[in-house]
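In the working numbering, the protein residues as written are 782 to 1169.
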């Protein structure tokens, strides 16, 4: 795979490196944000309110962000995402009260919406069509490597805490992560935005955009039903704690790197659509087997392999969408896709949590059924679009 990465060009290389360093910085933040919030004395209800506020702000900002990206260009608007993110992040770290922190999470949600509808379409714009499968997989690999490094550095706060409080150690560690993630946006400066800004913004969607969004929403519904709750499931069924769960997650992240590297090879032989279908179909029986596993070790191994296969298909699915949807609609598609996926995943989590309270294994079977339906629809609706 990697010998094919030569001559990708300055634009693609800069955006891939941005993704790596951004994942590294955010990985450092995400490891400790929940412990940090707990150590400053927030209740579970307050933490949930912060996440809800960020989610609402993100959803409400998607349409304006897509409008601005189409009108002024994706690169400029991507850079502007730092305007709300920087003060928001500093408020989270140093806010004197809960209301200030709540506003900080709102600002971060707005910034994430802006970045979300600009960066992925931008990398598609600057990538040659015949290299989209390769670049999308490479982008995910670099993101995984960066996130893995961030997770592997999680012992650093323990060392800092020898001379400072653990709370200060968490705050310092997240600050370093924020600096890395923020400065990674400097890599946008040499990128040339190849798509001319549109004179007018049309909130309309093509048939292809609707199809891809519906398929993503179905996937989100299935993921919400059990995948988002899998740690709770493992703890309840097998009595494991954070150590075992964290080890499984790290192994999963590391395994995704070689599996994602193989995805473009499978795509070159089967075609993008058939490769996505094959990987998704292979993952479904493993989810069913997870629900029937007699021990945590077996269940963890099965679920990890399932996740690796399913996630290896993600960059190929993204590549297929970018090949199909024109540059003028990519920001709007991304906006609609994020919004629909968030709503569907939230609904799935509510359904899955209710089912799990009654029958522990039933959400996994529900997710497997939803994924099977989604895969069948995927192949049926999109088989004419896969030209490669």
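Glycine included, every Cβ here is placed at the ideal spot set by N, Cα and C.
For the pair residue 867 and residue 963, the CB atoms are nearer than the 8 Å cut-off.
Per DSSP, reduced to three states, the secondary structure at residue 1022 is coil, with no helix or strand assignment.
Counting other Cβ atoms within 10 Å of its Cβ, residue 951 reaches 16 or more and is therefore classed as buried.
Excluding sequence positions up to five before and after residue 1085, its CB lies within less than 8 Å of the CB of 1029, 1032, 1033 and 1036, all in the same chain and listed in chain order.
Within a 10 Å sphere around the beta-carbon of residue 904 sit 16 or more other beta-carbons, which makes this residue buried. Put simply, the backbone Cα of residue 974 is about 29 Å away from that of residue 1057. Within the same chain, and ignoring the five residues on either side of residue 965 in sequence, the residues whose Cβ sits closer than 6 Å to its Cβ are 799, 802 and 803.
As for any beta strand (DSSP E) of minimum length 3 sitting wholly inside the segment 864 to 911, there is none.
Judged by DSSP secondary structure, residue 1074 falls outside any alpha helix (DSSP H); it is assigned neither H nor E. Below 8 Å, too few C-beta pairs join the segment 1115 to 1127 and the segment 910 to 918 to call them touching: fewer than three. The DSSP-derived three-state label of residue 1089 is helix.
Sequence-distant partners of residue 1093 (beyond 5 residues in either direction) whose C-beta falls short of 6 Å from its own C-beta, in its chain, are 1040, 1041, 1044 and 1060. For residue 879 against residue 827, the beta-carbon gap comes to about 6 Å, under 8 Å, which counts as contact. With contacts defined as CB atoms closer than 8 Å, residue 1120 and residue 840 qualify as a contacting pair. Of the residues assessed, residue 1154 falls on the exposed side of the cut-off, its CB having fewer than 16 other CB atoms within 10 angstroms. Only residues of its own chain outside the window of five on either side were considered, and among them 994 have a CB closer than 6 Å to the CB of residue 1117, listed in chain order.
With a cut-off of 8 Å on Cβ pairs, the segment 1095 to 1106 is in contact with the segment 1048 to 1056, counting three or more such pairs. Residue 972 carries a coil assignment under DSSP once its states are collapsed to helix, strand and coil. Residue 1143 and residue 999 have their C-alpha atoms some 18 Å from each other. When secondary structure is reduced to three states using DSSP, residue 958 falls in the helix class.
For the pair residue 809 and residue 948, the CB atoms are not nearer than the 8 Å cut-off.
The straight-line gap separating the alpha-carbon atoms of residue 1063 and residue 1163 is approximately 19 Å.
Around the Cβ of residue 856, a 10 Å sphere holds 16 or more other Cβ atoms; the residue is buried. Assigned with DSSP and collapsed to three states, residue 1001 falls in helix. Residue 1139 and residue 1133 have their C-alpha atoms spaced approximately 10 Å apart.
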